[in-house]
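Residue numbers (this note's numbering): 2 to 269. Think of the CB as a built atom: it goes at the ideal place given N, C-alpha and C, for glycine as much as any other residue. Since the model is a prediction, treat every value here as computed from it, not as a measurement. Step one of this worksheet: look at the structure below.
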């Protein structure tokens, strides 16, 4: 691992950071479709951001860090194939596209410090029959999430009560668009990313860490970075969240994704 380690590791969230649904993009005119689901366009990016992402991959070790499952991640058409990718909120490592079983063991141990997955799933499943709920699912046997028909339809009172119950169960609640995630507190993008950086470095110096993300699940990763950037939209922006080494884009929507890639290139 250490023989090809570059000086900089660029860890980047995908949804609402690099890629955008039609609703989150702001305007899909002129955008490139980078993900299809059942033959229909699902995620978009500016053509420039996709070209620049290939440039970034030539300057730094580009590591996508996403809450997506492996199957969901593999739907995204990246301009380069990253050597490493962290899926499942840091709970799954893909190395050259192959799942690392040793990493699975580590993640299972970390997730086991929270309440059992069926208990967390039950917090979401209790409202599965409500008209505002589209689906409730488990992901990678590590965490679970709810998909609502619309973000505005999610009851604020239910969110507050579920966040409190999740915290008591050793989990974190995060709202990303129409999705509500319940993730064991120890299973984080930051924990996975820092573990990967240690393994890559071995006995040598750790690479400089640049990070980008938009959600509460990204916050620890942004704070752990040597320098980080978040878009001027999303869960963190709505909460007015910031950090000493965290920049904020001027743009929103898909244009922010392009600004983020340019920001990373300038520092890689």
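Checklist entry - Helix, strand or coil: how does DSSP classify residue 105 here? => result helix
Checklist entry - DSSP on residue 55, reduced to helix/strand/coil? => result helix
Item to check | Rounded straight-line distance, which links the Cα of residue 84 to that of residue 100 | outcome: Whole-angstrom Cα-Cα distance: 12 Å.
Next on the checklist: Quick check on the DSSP output: what are the complete alpha helix (DSSP H) runs of length 4 or more inside the stretch 179-230, in order along the chain?
Outcome noted: 190-202, 220-225
Item to check | Pick from 194, 126, 170, 122 that is closest to residue 94, judged by C-alpha positions | outcome: It is 194 whose Cα lies nearest to the Cα of residue 94.
Checklist entry - Are there three or more Cβ pairs, one per stretch, closer than 8 Å when the stretch 168-182 is compared with the stretch 110-121? => result yes
Next on the checklist: On the criterion of 16 or more Cβ atoms from any shown chain inside 10 Å, does residue 32 qualify as buried, or is it exposed?
Outcome noted: buried
Checklist entry - With a Cβ-Cβ cutoff of 7 Å, do residue 64 and residue 46 count as a contact? => result no
Checklist entry - Where does residue 238 sit, in a helix, a strand or coil, going by DSSP? => result helix
Next on the checklist: Nearest by alpha-carbon distance to residue 102: which of 141, 133, 66 is it?
Outcome noted: 141
Item to check | Buried or exposed by the 16-neighbour rule on C-beta atoms within 10 Å, applied to residue 259 | outcome: buried
Checklist entry - DSSP three-state call for residue 73: helix, strand or coil? => result helix
Item to check | Backbone secondary structure at residue 3 - three-state DSSP | outcome: With a pLDDT of only 45 at residue 3, under the threshold of 50, the placement of this residue in the model should not be trusted; the figure read from the coordinates follows. Shown here, residue 3 sits in a helix according to DSSP, grouped into three states.
Checklist entry - So, helix, strand or coil for residue 160, using DSSP? => result Note: residue 160 maps to helix in three-state DSSP.
Next on the checklist: So, with DSSP's three-state summary, where would you put residue 22?
Outcome noted: coil
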